[in-house]
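Here the structure is laid out as structure tokens; the discussion comes afterwards.
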Amino acid sequence: MNEAYVLLNVDFKKQKDVIQMVKKISPVKSVRTTYGIYDILVVLESNSMQEIKQAIDEDLHKIEGITNLTSLITIS
């Protein structure tokens, strides 16, 4: 199983909309609001690394309100 963590900074006024849109992306396992430098933590899981890559490179980047995105791809 491939796994990735994505840390998001979002426009506060659009945070609820961003969370709802992120939850609709196929390999997203969970979405958590956080305090600190980042606003949202997204956990993605898939048997296909390509599916995770597409979710990050295409799907997340299309969501209006995300101002910064940091990806952490796990290896094991």
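Residue 1040 in the working numbering sits at position 69 of the sequence shown, with consecutive numbering throughout.
For each residue, glycine too, the CB sits at the ideal point set by N, CA and C.
Please read all numbers here as calculations on a predicted model, not as lab measurements.
Check	Outcome
Selected residue, minimal CA-CA separation from aspartate 1010, among Phe983, His1032 and Asn973	Phe983
Residue burial classification, serine 1047 (beta-carbon count within 10 angstroms, cutoff 16)	exposed
Serine 1001 vs valine 1014 beta-carbon contact at 7 Å	yes
Three-state secondary structure (DSSP) of lysine 995	coil
Any alpha helix (DSSP H) of 4 or more consecutive residues that is wholly inside the stretch 1010-1034	1020-1025
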